[in-house]
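Quick note on UniProt numbering: the sequence shown kicks off at 1 and runs consecutively. By construction, the Cβ of each residue, glycine as well, lies at the ideal position given by its N, Cα and C atoms. This one's a predicted model, so the numbers in the text were calculated from it and none came from an experiment. Data block below; observations after.
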Amino acid sequence: MCVHQHVCIYNRSHRVTIAITIFKHIPSISREFERASIARAPSDMDRFITQTEGRRDRKHIPSVSREFAGASAARASPGMERSIAKSEVRWDRFVETGKGEMVQDPLTTETGGKMEHDLLMYSPRSAARATATGIPIGDQGVAVLRGPLIVGAGPAGLACAAMLTMGLVPYVILERDMCIASTWHRRTYDRLCLHLPKRYCQLPLMPFPHSYPTYPVRQQFLAYLDEYKRKHGIRPFFNMEVVSAEYDGEYWCVRTKDTSDNVGGSMLSSCTMEYRSKWLIVATGENAEPVVPEIKGMRSFKGEVFHSSDYRNGEEFQGKNVLVIGCGNSGMEVSLDLANYNVHTSMVVRDSGHVLPREILGISTFTLSLWLQTFFNIKVVDQILLVLAWFILGDTRRIGIPRPNLGPMELKQLSGKTPVLDVGTIAKIKSGDIKVFPGIKSFQEDGVEFIDGRIESFDVVIFATGYKSNVPYWLKENEFFSRKDGFPCRPNEWKGKNGLYAAGFSRRGLLGVSMDATKIANDIIQSYNNIIL
Numbered sequence: 001m002c003v004h005q006h007v008c009i010y011n012r013s014h015r016v017t018i019a020i021t022i023f024k025h026i027p028s029i030s031r032e033f034e035r036a037s038i039a040r041a042p043s044d045m046d047r048f049i050t051q052t053e054g055r056r057d058r059k060h061i062p063s064v065s066r067e068f069a070g071a072s073a074a075r076a077s078p079g080m081e082r083s084i085a086k087s088e089v090r091w092d093r094f095v096e097t098g099k100g101e102m103v104q105d106p107l108t109t110e111t112g113g114k115m116e117h118d119l120l121m122y123s124p125r126s127a128a129r130a131t132a133t134g135i136p137i138g139d140q141g142v143a144v145l146r147g148p149l150i151v152g153a154g155p156a157g158l159a160c161a162a163m164l165t166m167g168l169v170p171y172v173i174l175e176r177d178m179c180i181a182s183t184w185h186r187r188t189y190d191r192l193c194l195h196l197p198k199r200y201c202q203l204p205l206m207p208f209p210h211s212y213p214t215y216p217v218r219q220q221f222l223a224y225l226d227e228y229k230r231k232h233g234i235r236p237f238f239n240m241e242v243v244s245a246e247y248d249g250e251y252w253c254v255r256t257k258d259t260s261d262n263v264g265g266s267m268l269s270s271c272t273m274e275y276r277s278k279w280l281i282v283a284t285g286e287n288a289e290p291v292v293p294e295i296k297g298m299r300s301f302k303g304e305v306f307h308s309s310d311y312r313n314g315e316e317f318q319g320k321n322v323l324v325i326g327c328g329n330s331g332m333e334v335s336l337d338l339a340n341y342n343v344h345t346s347m348v349v350r351d352s353g354h355v356l357p358r359e360i361l362g363i364s365t366f367t368l369s370l371w372l373q374t375f376f377n378i379k380v381v382d383q384i385l386l387v388l389a390w391f392i393l394g395d396t397r398r399i400g401i402p403r404p405n406l407g408p409m410e411l412k413q414l415s416g417k418t419p420v421l422d423v424g425t426i427a428k429i430k431s432g433d434i435k436v437f438p439g440i441k442s443f444q445e446d447g448v449e450f451i452d453g454r455i456e457s458f459d460v461v462i463f464a465t466g467y468k469s470n471v472p473y474w475l476k477e478n479e480f481f482s483r484k485d486g487f488p489c490r491p492n493e494w495k496g497k498n499g500l501y502a503a504g505f506s507r508r509g510l511l512g513v514s515m516d517a518t519k520i521a522n523d524i525i526q527s528y529n530n531i532i533l
């Protein structure tokens, strides 16, 4: 029977009623479909690997890629072997690790006055060219790279590095913190877990372990990233904060400062380093800096005020009145966590938003939405999802969370605003464990006045008001990235001019990160080989 015959939607007095016998056939869209739906992404990866595996002879592959060497040598064609002969690897550009392995040194430093056959060669003359930032550079503070420069060692930067490693392209990856994925390490609460099934969140070339649950928790995801870094031989330069980056007509000139020794900027001159590369990958992500809006009277409030990036759990707030400002995924989960610790919890809903159950009859709502889009247009899919959400969660308007006029998928497509996936907060609101308030008019010394005139006392206020990109602060470029929000000017765009790339800015989560990394690596590998070979 046709799917259309299983779904009947009709309106009666502005209330939606749905009769769905589709759930009799729900196994067809369960985990079997999930495997089929995600299979498209790995197949793209396989094609990428097939294209890049046979580009070098086995003896020319550094230890970080040895596991792929056998397949590479087997697939190499005579034409490729002739190319290899023309571009013999310089083993003096490799360094020995503590385990006795040889890995490629990402920096091209000048020895003996020149480096033969290096088309991206360092020269004192080129180093003398000044850029417009006005930051002093020491005589020995310039490095010209043979490959791309990646800014950011979060999931996007790691994914790009891994894909470039597969293509045997050297790179440098800079990270301002002292660890990879610093947002996940330092700015996340203890109960955080992935909101989508793990199959949609894995990075290229390495799935999650089978032993992991469908929604890995924070520590499991961090362990996965550490193993990803180890497996692909990724060695970021930590404590290197990018101060500025601009294109000089030939290279991207990226200036950094060492944050490990530089406190308050007093040692900026002596700790500054400049990197120059034909390619610049911006992988600092959508959530680089916390956002705290300024609200009237906030400085007069005598209680504690902080951003949700500094929240870990509700244990220390027991017995206190806590107000959470914001009802996105972070705001809803922080409120839920506080309520689970028996904290007197209130939540501010400043605007309309969609709340959907994370799962519907044991199936990921995200998976279900993908399946529905294979049969219906996005407006019909939204109607179905909203009716299902109404059956499971009820009418969220009655508890103070109005819905936008556009449906959740259409709104995501047009504005990038992601629907909230509920994991228990709505039930806590209905039971009275979490109170919902409208927007804030102003702060008082001991509390808050809301726009409806109510005044309530609070001990702690937590801003779950999201994050922003920091790209406009350091990238001197106005065409590809927007100066307003630090995102590419056109949605889902990953490639700019003159070798500029954006990884992880598609507002598609970790699935978008993998897609960006694959496209970027393909493009750079082709360009790199055109120069080198």
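Tell me where the alpha helix (DSSP H) around residue 191 begins and ends. Within the sequence shown, numbered from 1, the residue matching residue 191 stands at position 191. Segment: none, residue 191 is in no alpha helix (DSSP H) and carries neither H nor E.
Out of curiosity, what's the CA-to-CA distance linking residue 201 and residue 376? Here residue 201 corresponds to residue number 201 of the sequence shown, with the count starting at 1. Here residue 376 corresponds to residue number 376 of the sequence shown, with the count starting at 1. Going from the Cα of residue 201 to the Cα of residue 376 covers about 25 Å.
Return yes when the Cβ of residue 342 is within less than 8 Å of the Cβ of residue 458, no when it is not. Along the sequence shown, read from residue 1 onward, the residue named residue 458 stands at position 458. Along the sequence shown, read from residue 1 onward, the residue named residue 342 stands at position 342. Cβ atoms of residue 458 and residue 342: not closer than 8 Å.
Name the one or two DSSP bridge partners that residue 255 has. Against the sequence shown, residue 255 aligns to sequence position 255. Its beta-bridge partners are 244 and 274.
Just to confirm the assignment: which complete alpha helix (DSSP H) runs, minimum length 4, are found wholly within the segment 159-228? 182-186
Tell me which residue opens and which closes the alpha helix (DSSP H) that residue 389 is part of. As a first step, residue 389 is located in the sequence shown; it is residue number 389 there, counting from the start. Segment 378-393, the alpha helix (DSSP H) holding residue 389.
Quick one: what's residue 467 bridged to in DSSP? Residue mapping note: residue 467 aligns to position 467 of the sequence shown, counting from 1. For residue 467, which the question treats as bridged, DSSP gives the partners 290.
Which of helix, strand or coil DSSP assigns to residue 374: Taking the first residue of the sequence shown as position 1, residue 374 is located at position 374. Reduced to three states, the DSSP call for residue 374 is coil.
Distance between residue 294 and residue 300 (C-alpha atoms, nearest Å): Walking along the sequence shown from the start, residue 300 turns up at place 300. Walking along the sequence shown from the start, residue 294 turns up at place 294. Taking the straight line joining both Cα atoms gives about 12 Å.
Which partner residues of residue 345 appear in the DSSP bridge assignment? Here residue 345 refers to the residue found at position 345 when the sequence shown is read from its first residue. In DSSP, residue 345 forms a bridge with 322 and 434.
Mind checking which residues open and close the alpha helix (DSSP H) that includes residue 331? As a working mapping, residue 331 is identified with position 331 in the sequence shown. 329-340 is the extent of the alpha helix (DSSP H) around residue 331.
Chain-order list of residues whose beta-carbon lies under 6 Å from that of residue 179 (same chain, five-residue window excluded): As a position in the sequence shown, residue 179 is number 179, starting the count at 1. Within the same chain, residue 179 has close Cβ partners 185.
Measure the beta-carbon distance from residue 467 to residue 288 and round it to whole angstroms, keeping in mind my assumption that it falls under 8 Å. The count along the sequence shown starts at 1 and reaches residue 467 at position 467. The count along the sequence shown starts at 1 and reaches residue 288 at position 288. About 7 Å separates the two Cβ atoms, so the contact holds.
Using DSSP's beta-bridge definition, name the partner residues of residue 502. Position 502 of the sequence shown, counting from 1, holds the residue named residue 502. Paired residue(s): 282.
Host alpha helix (DSSP H) of residue 516 (start-end): Position 516 of the sequence shown, counting from 1, holds the residue named residue 516. Per DSSP, residue 516 belongs to the alpha helix (DSSP H) from 509-532.
Between the beta-carbon of residue 225 and the beta-carbon of residue 159, is there less than 8 Å? Within the sequence shown, the letter at position 225 stands for residue 225. Within the sequence shown, the letter at position 159 stands for residue 159. Result no, Cβ atoms of residue 225 and residue 159 do not sit closer than 8 Å.
For residue 205, which option in 348, 312, 414 and 162 has the closest C-alpha, if you only look at C-alpha atoms? As a first step, residue 205 is located in the sequence shown; it is residue number 205 there, counting from the start. Closest option to residue 205, Cα to Cα, is 162.
Contacts around residue 332, its chain only, beta-carbon distance under 6 Å, and the 5 residues preceding and following it disregarded: Against the sequence shown, residue 332 aligns to sequence position 332. These residues qualify, in order along the chain: 420 and 425.
Just confirm the distance between the C-beta atoms of residue 436 and residue 392, as a whole number of angstroms; I'd bet it's less than 8 Å. Locating residue 436 in the sequence shown gives position 436, counting from the first residue. Locating residue 392 in the sequence shown gives position 392, counting from the first residue. Rounded, the Cβ-Cβ distance is 19 Å, inconsistent with contact.
Quick check on residue 427: does DSSP put it in helix, strand or coil? The residue labelled residue 427 in the question sits at position 427 within the sequence shown. Three-state result, residue 427: helix.
Is the segment 166-178 in contact with the segment 513-529, if contact means three or more CB pairs nearer than 8 Å? yes
Give me whichever residues DSSP pairs with residue 462 in a beta bridge. As a working note, residue 462 is residue 462 in the sequence shown. According to DSSP, residue 462 bridges with 306 and 324.
May I ask which residues mark the beginning and end of the alpha helix (DSSP H) holding residue 441? Taking the sequence shown and counting its residues from 1, one reaches residue 441 at position 441. Element bounds for residue 441: not the alpha helix (DSSP H) but the beta strand (DSSP E), 440-443.
Could you say if the segment 348-358 and the segment 478-489 meet the contact criterion of at least three C-beta pairs nearer than 8 Å? no
Rounded to whole angstroms, what's the CA-CA distance from residue 416 to residue 384? Just pull it up for me. Mapped onto the sequence shown, residue 416 falls at position 416. Mapped onto the sequence shown, residue 384 falls at position 384. Cα-Cα distance, rounded: 20 Å.
Apart from the five residues on each side of it in sequence, which residues of its chain come closer than 6 Å, Cβ to Cβ, to residue 279? In the sequence shown, the residue the question calls residue 279 occupies position 279. Result list for residue 279: 148, 499 and 524, in chain order.
Whose CA, out of 309, 336, 316 and 249, lies closest to the CA of residue 422? Within the sequence shown, numbered from 1, the residue matching residue 422 stands at position 422. Nearest C-alpha to residue 422: 336.
With 16 as the cutoff for other CB atoms within 10 Å, does residue 451 come out buried or exposed? If you number the sequence shown from 1, residue 451 lands on position 451. The residue is exposed, with fewer than 16 neighbouring Cβ atoms inside 10 Å.
Give a yes or no on whether the C-beta atoms belonging to residue 197 and residue 215 are separated by under 8 Å. If you number the sequence shown from 1, residue 197 lands on position 197. If you number the sequence shown from 1, residue 215 lands on position 215. The answer is yes: Cβ separation under 8 Å.
According to the neighbour-count rule (16 or more other Cβ atoms, all chains shown, within 10 Å of its Cβ), is residue 405 buried or exposed? Against the sequence shown, residue 405 aligns to sequence position 405. Its Cβ having fewer than 16 others within 10 Å, residue 405 is exposed.
By alpha-carbon positions, which one of 411, 155, 141 and 312 ends up nearest to residue 510? The count along the sequence shown starts at 1 and reaches residue 510 at position 510. It is 155 whose Cα lies nearest to the Cα of residue 510.
Could you tell me which of 531, 528, 508 and 529 sits nearest to residue 285, measuring between CA atoms? For this step, residue 285 is matched to residue 285 along the sequence shown. It is 508.
I'd like the list of long-range same chain contacts for residue 442, defined as Cβ closer than 8 Å, with 5 residues on each side in sequence excluded. Here residue 442 is taken as the residue at index 442 of the sequence shown, counted from 1. Only 295, 296, 297, 448 and 449 meet the Cβ criterion.
Enumerate in chain order the residues of its own chain whose CB-to-CB distance from residue 360 is below 8 Å, with the five nearest sequence positions on each side excluded. Residue mapping note: residue 360 aligns to position 360 of the sequence shown, counting from 1. 368, 388 and 392.
Checking 8 Å against the spacing of the C-beta atoms, do residue 256 and residue 174 come in under that value? To locate residue 256, count along the sequence shown from 1; it is residue 256. To locate residue 174, count along the sequence shown from 1; it is residue 174. Yes, the pair counts as a contact, with Cβ atoms nearer than the cut-off.
Which of the three DSSP states is assigned to residue 231 in this structure? Counting from one through the sequence shown, the residue named residue 231 turns up at place 231. Reduced to three states, the DSSP call for residue 231 is helix.
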